[in-house]
Amino acid sequence: MPQINNLLLHVIAQVQLRRLLIVALLISKKRNYRKKRFWTSQFLSQRKTHGAYYTTIPTLLRNADLFSNYCRMSKTQFEDLLTLIGSQITKQTFIREPISPDQRLFLTLRYLASGDSMMSLKYQYYVAQSTITNIIKETCNVLWSMLMPIVLKVPTHDTWKQIAKKFELNCHFPHCIGAVDGKHVVIQHKFHLKNLEFCIKTLLKNGYPIDLMFREVQKRINKLYTTKLINLNNDDCDIHDNIDDTLGKKLFVVPYIPKITNTVISNLNKDVFTIGIRCMNKLNRFVKVHKDKTDTMSKNNVVYKVTCKDCEASYVGQTKRKLSTRVKEHEYNIRENPSNYSVLTNHMLEFNHSFDWKNVRVMDIESHYNKRLISEMLFIKEQHNDINAQKDTEKLSKSYFCLLDNDPVVVCCCVFCVVCCVLCVTKIIKLSYFKFNVTQYYYSGSFNLFSTVTEAACALERFIQFTQQLLIL
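The letter at position 321 of the sequence shown is residue 308 when you use my numbering, and the numbering goes up by one with no holes.
Given below as structure tokens:
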């Protein structure tokens, strides 16, 4: 028993010793603390030394042109704007220095004027991207709320009349009163009241004078009922068929030209046609889509011409693919089997010449395949030293060869025939167009005949004068 007790005491002593050693190791080991995060990054802390507001803006303030180019406004306008909204965008914090209101306005104006990204502005002004996002959003909201009552003033009763009259004189469009017709006539009878209420509410929301609005609405309703444009008792019929059956007229659209269109309309037979007026001053005449010019070698559906550098020989072909792809096929054809050589390759091998592959000319652009083939035939025949195999011109009639060769006799005969046809067509147009009792035979569809006839008459007159001088010579 004593030996067993001594053994147990020895084991317990070893266990306690190990525990003491583990505790000593834990105490002696250094504790790993998490690194502290900076309140402001080292990059953003250099705002006052490298930021654009403290380096670039002071230079711009001394130069009016540079300042105007940078902010899209003069220095005086900037100061007036800052005075107007400065109190709304000022921030008061006690933790750190806030961004000043003029710097906030500079950031917003630069973002709106240049279209730079917020990441780009971050590296210019040394301001965090999230802060820039909030600044621009808040400043834009303040600008809208403060400037909207000043810039977008609601016109008065007299101003509305002047705007409507000027708009009607320039474009022959009676402002928004025409919406009453669209709602009252086109839609079926059971919806008339509902849609009239919608028109009145919409016009009220947009600030139209009440007396003008109800007066014009009443005029239009009275006119529509008295002239019987639609059958109000037939709710189930199709509206378009109903209008066509009731009126029995064809639509005749003319362009609006001040003091001329009204004279022309007064001379037309309104029993046969419904007169429509088209505005010529459309936005597509002034606003153009800015698109880069397509490179010559990137065009497709083209008729092209390749010339020889060492002689006057040329080759005309057509392709629907990219021109660069077709030119490379010609250029690398010399690597093919001799039985597959093209006329271009044979010319290069026979005379030891080379073709100008980099300056290929585009003769015509046509997406329609058959029309492109005809264009290719004509250009092949116009060549003087062509190397084409002439297989592409087999479908071209020989009657055109003399005309393409500029035979004077053939040209004069063709001009004479064209002049006779033109005179006949012009006579027919004058008889059918300027008579008051024109019939539906001449106008079987809805198209803009007036502009077509006017443009054609001017072109024909110039052509007749030219041909007369040519025949005299």
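Where a beta carbon is used, it is the ideal one built from N, C-alpha and C, also for glycine.
Considering only C-alpha positions, which residue in the set the options is nearest to residue i?
{"i": "residue 376", "options": "301, 7 and 311", "result": "301"}
{"i": "residue 321", "options": "308, 121, 307 and 342", "result": "342"}
{"i": "residue 30", "options": "58, -4 and 116", "result": "116"}
{"i": "residue 67", "options": "365, 372 and 130", "result": "130"}
{"i": "residue 110", "options": "48, 363, 153 and 40", "result": "40"}
{"i": "residue 297", "options": "139, 335, 245 and 118", "result": "335"}
{"i": "residue 486", "options": "283, 372 and 84", "result": "Missing from the structure shown is residue 486; the chain here goes from -12 to 460 and no further."}
{"i": "residue 127", "options": "49, 94 and 269", "result": "94"}
{"i": "residue 121", "options": "6, 92 and 142", "result": "92"}
{"i": "residue 355", "options": "137, 274, 189 and 307", "result": "307"}
{"i": "residue 153", "options": "69, 245 and 80", "result": "245"}
{"i": "residue 100", "options": "-7, 54, 238 and 10", "result": "54"}
{"i": "residue 295", "options": "361, 32 and 333", "result": "333"}
{"i": "residue 83", "options": "351, 32 and 103", "result": "32"}
{"i": "residue 243", "options": "269, 184 and 366", "result": "269"}
{"i": "residue 144", "options": "-4, 200 and 365", "result": "200"}
{"i": "residue 192", "options": "374, 141, 44 and 81", "result": "141"}
Please say whether residue j and residue i have beta carbons closer to each other than 8 angstroms?
{"i": "residue 310", "j": "residue 291", "result": "yes"}
{"i": "residue 113", "j": "residue 37", "result": "yes"}
{"i": "residue 286", "j": "residue 349", "result": "yes"}
{"i": "residue 323", "j": "residue 344", "result": "no"}
{"i": "residue 353", "j": "residue 303", "result": "no"}
{"i": "residue 96", "j": "residue 49", "result": "no"}
{"i": "residue 134", "j": "residue 119", "result": "no"}
{"i": "residue 293", "j": "residue 331", "result": "yes"}
{"i": "residue 357", "j": "residue 299", "result": "no"}
{"i": "residue 259", "j": "residue 248", "result": "no"}
{"i": "residue 272", "j": "residue 305", "result": "no"}
{"i": "residue 51", "j": "residue 35", "result": "no"}
{"i": "residue 71", "j": "residue 57", "result": "no"}
Grab the span of the alpha helix (DSSP H) containing residue i for me, first residue to last.
{"i": "residue 116", "result": "116 to 138"}
{"i": "residue 306", "result": "Note, residue 306: premise wrong, no alpha helix (DSSP H); beta strand (DSSP E) at 301 to 306."}
{"i": "residue 239", "result": "It is not in any alpha helix (DSSP H) - residue 239 instead sits in the beta strand (DSSP E) that spans 237 to 242."}
{"i": "residue 41", "result": "39 to 42"}
{"i": "residue 314", "result": "310 to 318"}
{"i": "residue 194", "result": "First-last for residue 194: undefined, no H or E at that position."}
{"i": "residue 73", "result": "62 to 76"}
{"i": "residue 88", "result": "88 to 101"}
{"i": "residue 31", "result": "Neither: residue 31 is in no alpha helix (DSSP H) and is coded neither H nor E."}
{"i": "residue 52", "result": "51 to 58"}
Between which two residues does the beta strand (DSSP E) holding residue i run?
{"i": "residue 113", "result": "Per DSSP, residue 113 belongs to no beta strand (DSSP E) and is neither H nor E."}
Counting only C-beta atoms, is residue i closer than 8 angstroms to chain C at any point?
{"i": "residue 143", "result": "Of the protein chains in this structure there is only one, and it is not chain C."}
Under 7 angstroms from any heavy atom of the ligand FAD, does the C-beta of residue i make it?
{"i": "residue 253", "result": "Absent from the structure shown: the ligand FAD. Ligands present: none."}
Cβ pair count under 8 angstroms reaching 3, the region 258 to 273 against the region 316 to 330: no
Touching by the beta-carbon criterion (3+ pairs, under 8 angstroms), the region 85 to 100 and the region 69 to 77: yes
The region 245 to 254 touching the region 312 to 321, judged by at least three CB pairs closer than 8 angstroms: no
Touching by the beta-carbon criterion (3+ pairs, under 8 angstroms), the region 195 to 203 and the region 138 to 148: yes
Beta strand (DSSP E) runs contained entirely in the region 248 to 290, provided each spans 3 or more residues: 260 to 265
Start-end ranges of the beta strand (DSSP E) lying completely within the region 335 to 362, minimum 3 residues: 348 to 352
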